[in-house]
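J.: Numbering (my numbering), first residue to last: 160 to 422. Where a beta carbon is used, it is the ideal one built from N, C-alpha and C, also for glycine. Computed from a predicted model, the values in this text were never measured in an experiment. One structure, pasted below without further comment.
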Amino acid sequence: MNEPALFEPRKVANDVTSINAWLPVPGFGVLPVNAFLLHAQQPVLVDTGMACLSNQFLEQLYAQLDPADIQWIWITHADFDHLGNLKDILNDAVNARIVTSFIGMAKMGLQGIPLDRMYLLNPGQHLDVGDRKLLAVTPPTFDAPETCGLFDTRHNTLFSADSFGALLQEPAESAQAVDADALREGCINWACLDAPWLHNTDPNKFSDVLAQIASLDAATILSSHLPPAQGLNDTLCSHVSAAIQAPPFVGPDQAALEQMMAA
Ligand SMILES: [Fe+2]
Ligand SMILES: [Fe+2]
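Below, the structure is given as structure tokens:
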């Protein structure tokens, strides 16, 4: 895979469709970049994909529902792989409000997103979407302070933002389908890359953080950067925990980049 690509949307959990892109990461394999549509009574779009796949992304999303029916756009955090199509979708989804935190509002405000379209929610608070409540949760790892995942209390689905992601050798349908060693290595690499502060973390305190997430007892974990994961809660927590002791991530330098480009 040499270029970012969108795969076909598919059901990945009860009431959830994934809009699923894959991004080549030279030297490391591929990274899934997932947005999700939660078919609640008040439909919720979780993140908005990457701008480099804009036309296809919007086509796939609007084939699922009329954009005017989207009530909520939950932005897990204001990174480019999560808000790539936000402005276009906001224009079309005239009834939607963005769910974010104070810092997320500030970051999006700086990009010209109107503040009156935003709805502020803090971790521990719930959003009522008609037929269920969504609990706002801080995932165990993150690369931006505004990061807020969500837990669908009706079907016990955890949307974990960047947390529990993995760099993989090839696209996969599910996390269970990935070779166990490759999953472990991919999770540790991603955690070191995305959350370099892990290396300065007290392992005991971090295990409390993981225990809190484990206590949700999620039936499915939907990470932005992992295929859907079922029955892997303990495994994924253990991989993220192992990243604390792993060597820090050091990216390619200019000489390595030039070599890759020549290849
Ligand atoms: Fe991120
Ligand atoms: Fe991300």
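1. Which first and last residues belong to the alpha helix (DSSP H) in which G263 is found?
2. Near P282, what residues of its chain come up, given a Cβ to Cβ distance below 7 Å and the 5 sequence neighbours on each side ignored?
3. Can you check DSSP and say which residues form a bridge with I229?
4. List the endpoints of the continuous beta strand (DSSP E) containing N179.
5. Determine the closest residue to I229 out of L245, G186, Q215, with distance taken between C-alpha atoms.
6. Less than 8 Å between the CB atoms is what I'm expecting for A401 and I347, so what's the real figure, rounded?
7. Just how far apart, CA to CA, sit A341 and F187?
8. Is N193 helix, strand or coil when you go by DSSP?
9. Would you say D353 touches ligand 1, meaning its beta carbon is less than 7 Å from a heavy atom?
10. Check H285 in the structure and name its three-state DSSP category.
11. Distance, Cα to Cα, D240 vs P407?
12. Over the uninterrupted alpha helix (DSSP H) stretch that includes L342, give me the two end residues.
13. Measuring from the CB of D287, is there a heavy atom of ligand 2 at a distance below 7 Å?
14. Could you check what DSSP says for I248 in three-state terms: helix, strand or coil?
T.: Reading it off the structure:
1. Segment 261-269, the alpha helix (DSSP H) holding G263.
2. These residues qualify, in order along the chain: A295, V296, T297, C307.
3. I229 pairs with nothing; no bridge assigned.
4. Unbroken beta strand (DSSP E) run through N179: 175-184.
5. When each option's Cα is compared against that of I229, the closest is L245.
6. Contact holds; Cβ gap of about 6 Å.
7. Spanning the two alpha carbons is a distance of roughly 12 Å.
8. Of the three classes helix, strand and coil, the one that applies to N193 here is strand, per DSSP.
9. Taking 7 Å as the cut-off, the C-beta of D353 counts as close to a heavy atom of ligand 1.
10. Strand, per DSSP.
11. So the alpha carbons of these two residues sit roughly 23 Å apart.
12. Under the DSSP assignment, L342 falls in the alpha helix (DSSP H) whose first and last residues are 339-353.
13. Answer for D287: no, Cβ out of range of ligand 2.
14. Residue state, collapsed to three classes: helix.
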